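**Q**
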Amino acid sequence: MSRRRPGWAVRMIAVLAAGGLGLLTSGLSTYPPRPDDVPAGARPATRLPPLSRAEPVEVRIPTIGVRARLVPVGADARGELEVPPLDRPQIAGWYRHGVTPGETGNAVLVGHVDTAAGPAVFFDLGRLRPGDTVRVTRADRSVATFAVDGVAAYPKDRFPTALVYGPSSAAGLRLVTCGGRFDPDRRSYVDNVIVSATRVP
Amino acid sequence: MKAKTVLVSAAVGVGLGTLLLPGAAWAQTIVSPSTTPVGGTVVLTATTCNPKSGDAIFRVTGPNRDINVRSTTAAAGGGLSAELFTAGFTLGTYTVTATCGDGSAAGTATFTVTPIGGAQAGGGTPGDPTGSVAAGVALLGSAAGGALILARRRRHAVTAATG
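Line order of the protein sequences matches chains A and B. Numbering-wise (our numbering), the first sequence opens with residue 11 and increments by one. Numbering-wise (our numbering), the second sequence opens with residue 3 and increments by one.
(1) Which residues, in order along the region 51 to 62 of chain B, keep a beta-carbon less than 8 Å from a beta-carbon of chain A?
(2) Could you check how far apart the C-beta atoms of residue 171 (chain A) and residue 39 (chain B) are, in whole angstroms? I think they sit under 8 Å.
(3) Closer than 9 Å, CB to CB, is residue 43 (chain A) near chain B or not?
(4) Given that residue 278 (chain A) touches chain B, what residues does it touch there, using C-beta distances under 7 Å?
(5) What in chain B is Cβ-close to residue 19 (chain A), meaning under 7 Å?
(6) Is there at least one Cβ from chain A nearer than 9 Å to residue 23 (chain B)'s Cβ?
(7) Short of 8 Å in beta carbon distance, which residues of its chain neighbour residue 23 (chain A), apart from the five on each side in sequence? Order them along the chain.
(8) State the beta-bridge partners of residue 66 (chain A) as determined by DSSP.
(9) When you compare the CB of residue 112 (chain B) with every CB in chain A, is at least one pair closer than 9 Å?
(10) Report all residues from its chain with a CB closer than 6 Å to the CB of residue 24 (chain B); omit the five preceding and five following residues, and keep chain order.
(11) With respect to the beta strand (DSSP E) encompassing residue 92 (chain B), which residues constitute its N-terminal and C-terminal limits?
(12) From this set, A:155, A:189 and A:156, which residue's C-alpha is nearest residue 169 (chain A)'s C-alpha?
(13) Any C-beta of chain B sitting closer than 9 Å to the C-beta of residue 130 (chain A)?
(14) Cutting at 8 Å between CB atoms, please list the residues of its own chain near residue 93 (chain B), excluding the five before and the five after it.
(15) Would a C-beta distance cut-off of 9 Å place residue 209 (chain A) and residue 66 (chain A) closer than the cut-off?
(16) Can you find the residues in the same chain that come closer than 6 Å, C-beta to C-beta, to residue 145 (chain A), ignoring five residues on each side of it along the sequence?
(17) Would you kindly check if the distance between the Cβ of residue 206 (chain A) and the Cβ of residue 159 (chain A) is under 9 Å?
(18) Out of curiosity, what's the CA-to-CA distance linking residue 80 (chain A) and residue 89 (chain A)?
(19) Which residues in chain B sit within 9 Å of residue 114 (chain A), going by Cβ to Cβ distance?
(20) Strictly under 9 Å for the Cβ-Cβ distance: is residue 33 (chain A) near chain B by that measure?
(21) Going by DSSP, which residues form a beta bridge with residue 132 (chain A)?
(22) Find the nearest neighbour of residue 52 (chain B) within the set B:125, B:119, B:100 and B:35, judged by alpha-carbon distance.
(23) With distance defined between alpha-carbon atoms, name the residue in B:151, B:125 and B:120 nearest to residue 128 (chain A).
(24) Which residue or residues does DSSP assign as beta-bridge partners of residue 79 (chain A)?
(25) Rank A:196, A:34 and A:96 by C-alpha distance to the C-alpha of residue 140 (chain B) and give the top, closest one.
(26) Note down, in chain order, every chain A residue with its Cβ under 8 Å from the Cβ of residue 142 (chain B).
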């Protein structure tokens, strides 16, 4: 008699623990990963001849399993950077008023971190580390390869305009998505996560 | 002594460099800031124009603009300045070419008009995950509590049996 009770209790505890662990992991995995806030360090300039202008068509980031089509984006009526429509969450945008990836200057790519339906194209951007590779295929079939310099989150009201769009003597790439806490009242994330990368051979 | 020679020749090199470089600085135009969200104001300055020889003219060319802006004030650090309001500007990079009142070229500079603020690049997760995280923690807590009680009971049972 005294043998059966501990058996039941042990099973009960196991069920509770398994359920708790399941809920915890499912809850936590719906949050986008936080970047380590590695500021973009100066990479020794490898003097690569800049590529000519050719619109980018696809971006690949092997370390986080991203392979996405790119569409040109501009700004909306309020002057904010346009993002591909929420019903096409696996497509990323290329800021068409800037340079194309591989030209001298910073090319800007933007993608959703998630939608109401779940993770989107740039969900794992915060996981990138310096040295990770980003490849951009261009309309002229050339591929520009970039190495990540830094990943950091910035509050949207202190967006680093010069870091993202500013002039540069090298061929750079900036990947932009959302991050930080989701503010349900404003239906918006409080931060932008920005990956800085420089073209490598 | 050898180190000294190297140091001296390096110093001579730097000195020569600074003497030779300012060829570009003779006629210099500065745009501050060089990056502005659309609607922001930038200050154009032709640092080498003499206010006594008349207003400087800044020709601003870019994606949808080709305008001349006349200088309005003498710049604090020398030269002539004008403010340029970028409301309605198409996003992109603009070139400023300055000419002094006496007709001499005063250099060129570029500035970039960018989108405003950050990107709305998230739609929010389905429902608030905080609830399921809290429930998970509660369940794990009760499992741990149960395990603790069980372990104590067993220990008691063992001490009772041996005692």
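Each residue gets a CB set at the ideal place from its N, CA and C atoms; glycine is no exception. Note that this is a predicted model, so its numbers are computed, not measured.
**A** In short:
(1) Against chain A - using a Cβ distance shorter than 8 Å - the region 51 to 62 of chain B contributes no residues.
(2) The pair is a contact, with the Cβ atoms about 6 Å apart (cut-off 8 Å).
(3) Residue contact with chain B for residue 43 (chain A): absent (no Cβ-Cβ distance below 9 Å to any residue of chain B).
(4) Absent from the structure is residue 278 (chain A), since the part of chain A shown begins at 11 and ends at 211.
(5) Correct list: 148 and 152.
(6) Here the model assigns residue 23 (chain B) a pLDDT of 45, short of 50, so the residue's position is not dependable and the matter cannot be decided.
(7) Cβ-Cβ distances below 8 Å link residue 23 (chain A) to nothing in the same chain once the five nearest sequence neighbours on each side are left out.
(8) Per DSSP, A:148.
(9) By this cut-off, residue 112 (chain B) is an interface position.
(10) Because the pLDDT of residue 24 (chain B) is 42, which lies under 50, any placement of that residue in the model is unreliable, and the number read from its coordinates should be weighed accordingly. If we look at residue 24 (chain B) and ignore the five residues flanking it on each side, it has no Cβ neighbours.
(11) Run containing residue 92 (chain B): none; DSSP gives neither H nor E here.
(12) When only C-alpha atoms are compared, the closest one is A:189.
(13) Residue 130 (chain A) counts as touching chain B.
(14) Correct list, in chain order: 40, 65, 115, 116 and 117.
(15) No, they are not a contact pair.
(16) Once the five neighbours on either side are set aside, the close Cβ partners of residue 145 (chain A) are 70, 153 and 155.
(17) Annotated as proximal: residue 159 (chain A) and residue 206 (chain A), with beta-carbon spacing under 9 Å.
(18) Rounded to the nearest whole angstrom, the C-alpha separation of residue 80 (chain A) and residue 89 (chain A) is 21 Å.
(19) Within chain B, no residue comes near residue 114 (chain A); the closest Cβ sits about 12 Å away, beyond 9 Å.
(20) Contacts with chain B at 9 Å (Cβ-Cβ) include residue 33 (chain A).
(21) Paired residue(s): none; residue 132 (chain A) is not in a bridge.
(22) Ranking the options by Cα distance to residue 52 (chain B), first place goes to B:100.
(23) Closest option to residue 128 (chain A), Cα to Cα, is B:125.
(24) For residue 79 (chain A), which the question treats as bridged, DSSP gives the partners A:68.
(25) Measuring C-alpha to C-alpha distances from residue 140 (chain B) to each of A:196, A:34 and A:96 identifies A:34 as the nearest.
(26) From the beta-carbon of residue 142 (chain B), the residues of chain A found nearer than 8 Å are 26, 27, 30, 31 and 34.
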